[in-house]
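Asker: Here's a structure for you.
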Amino acid sequence: MLFLHGYMSCKESFYYNIKEFEKHFRVTAPDFPGFGASSPIPAAWSVSDYADWLEQFIALSRLSSPHIVAHSFGARVAIKLAARRSDILDKLVITGGAGLVKPRTRAYKAKVAAYRLVKKIAPRFAEKKFGSSEYRSLPPLMRESYKKIVNEDLRADAAKIKSPALLLYGDKDTVTPAGEEGSIFAAAIDGARLETISGGHFCFSQNSKEFNSKVIAFLNGEREK
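So the sequence shown is numbered by the numbering used here: it starts at 54 and just counts up by one.
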């Protein structure tokens, strides 16, 4: 099994899941470049660049068609890779999966215009006051990468996935709600199953027992009663 963590997170986020699954599988959980104990990225990477890295990582680690469990940003990378290489994995579990560009509201467009104007006059002030707290906490190179990542819509990639897929979202997830991201990805991926469990964006850790149980049933080709 291969675990892929979310943005600004690390492999340790899967601690309670790895403890359970390593009883049954060979478990691999890397830190993506730029996160955790990994080296910094050499350039402003896009989702495709991270997918390239993951493809090489799987080959170098000699992982033969692993089951992939991917959270949030990790799901972006898994979706991108699975779309181009259907043979590279067996089954796919997405939790809190991100990768949609939602319609831009008038308020959003006004905020972007204000940011661009202020950036011309006072760039440091603009970087401190605009954007999410997550974005503002990043160093310059990671900010450029972040913009590439969040501005790519992965619906078309999801539609190319051939692997059996389970989408598990927290019922209180406000970052990637099941009724939005979950439903759209479930509709795009042929045969995908969408389920919710108690918890937020990190439901796999907050409610690890139920999460692990549902994943094991899925991998065994069962449906929980």
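Just so you know, even glycine gets a beta-carbon here, dropped at the ideal spot from N, CA and C.
Taking only three categories from DSSP, how would you classify V122?
Answerer: What you label residue 122 is simply residue 69 of the sequence shown in a count that begins at 1. The DSSP-derived three-state label of V122 is strand.
Asker: Report the CB separation of A211 from F238 in whole angstroms; it is logged as a contact under 8 Å.
Answerer: Taking the sequence shown and counting its residues from 1, one reaches residue 211 at position 158. Taking the sequence shown and counting its residues from 1, one reaches residue 238 at position 185. Yes, they are in contact, since the Cβ atoms of A211 and F238 sit about 5 Å apart, within 8 Å.
Asker: Does the beta-carbon of L57 have 16 or more other beta-carbons within 10 angstroms, so that it is buried, or is it exposed?
Answerer: As a position in the sequence shown, residue 57 is number 4, starting the count at 1. Its Cβ being crowded by 16 or more others within 10 Å, L57 is buried.
Asker: From the DSSP output, in three-state form, read off V203 for me.
Answerer: Here the question's residue 203 lines up with position 150 in the sequence shown. Of the three classes helix, strand and coil, the one that applies to V203 here is helix, per DSSP.
Asker: Determine, using beta carbons only, whether L220 and E248 come nearer to each other than 9 Å.
Answerer: In the sequence shown, residue 220 corresponds to position 167, counting from 1. In the sequence shown, residue 248 corresponds to position 195, counting from 1. Contact flag set, yes.
Asker: Quick one: measure Cβ to Cβ for G223 and G127, integer angstroms, because I've assumed they're closer than 8 Å.
Answerer: As a first step, residue 223 is located in the sequence shown; it is residue number 170 there, counting from the start. As a first step, residue 127 is located in the sequence shown; it is residue number 74 there, counting from the start. Going by Cβ atoms, the distance from G223 to G127 rounds to 15 Å, so no, they are not a contact pair.
Asker: Under the DSSP definition of a beta bridge, which residues are partnered with T249?
Answerer: In the sequence shown, residue 249 corresponds to position 196, counting from 1. In DSSP, T249 forms a bridge with Y222.
Asker: Drop a sphere of 10 angstroms on the beta-carbon of S251, count the other beta-carbons inside from all chains shown, and report buried for 16 or more, exposed for fewer.
Answerer: Within the sequence shown, the letter at position 198 stands for residue 251. Classification of S251: exposed, given that the 10 Å Cβ count is below 16.
Asker: DSSP three-state call for L39: helix, strand or coil?
Answerer: Here the chain covers residues 54 to 278 and nothing more, so residue 39 does not appear.
Asker: Could you please give the first and the last residue of the uninterrupted beta strand (DSSP E) stretch that includes L145?
Answerer: Mapped onto the sequence shown, residue 145 falls at position 92. L145 -> beta strand (DSSP E) spans 145 to 148.
Asker: Please report the straight-line C-alpha distance between N204 and F67, rounded to a whole angstrom.
Answerer: Here the question's residue 204 lines up with position 151 in the sequence shown. Here the question's residue 67 lines up with position 14 in the sequence shown. When rounded, the distance between both Cα atoms is 26 Å.
Asker: Name the two residues that bound the continuous alpha helix (DSSP H) containing E73.
Answerer: Locating residue 73 in the sequence shown gives position 20, counting from the first residue. From DSSP, the alpha helix (DSSP H) with E73 extends over 68 to 74.
Asker: Determine the direct distance from the alpha carbon of K262 to that of D105, and round the result to whole angstroms.
Answerer: Counted from its first residue, the sequence shown places residue 105 at position 52. Counted from its first residue, the sequence shown places residue 262 at position 209. Their Cα atoms are separated by approximately 33 Å.
Asker: Could you spell out where the alpha helix (DSSP H) holding K42 opens and where it closes?
Answerer: For the chain, the structure presents residues 54 to 278; residue 42 sits outside this window and is missing.
Asker: Measure the C-alpha to C-alpha separation of A112 and T81 and round it to an integer number of angstroms.
Answerer: Mapped onto the sequence shown, residue 112 falls at position 59. Mapped onto the sequence shown, residue 81 falls at position 28. One C-alpha to the other measures close to 13 Å.
Asker: Which value, in whole angstroms, describes the spacing of the CA atoms of D226 and H254?
Answerer: Reading the sequence shown from its first residue, position 173 is the one you call residue 226. Reading the sequence shown from its first residue, position 201 is the one you call residue 254. For D226 and H254, the distance between alpha carbons rounds to 5 Å.
Asker: Can you grab the Cα-Cα spacing for the pair S216 / D206, in whole Å?
Answerer: Here residue 216 refers to the residue found at position 163 when the sequence shown is read from its first residue. Here residue 206 refers to the residue found at position 153 when the sequence shown is read from its first residue. Rounded to whole angstroms, S216 to D206 spans 20 Å at the Cα level.
Asker: Please classify D243 as buried or exposed, where buried requires at least 16 neighbouring CB atoms within 10 angstroms.
Answerer: Looking up residue 243 in the sequence shown gives position 190. Classification of D243: exposed, given that the 10 Å Cβ count is below 16.
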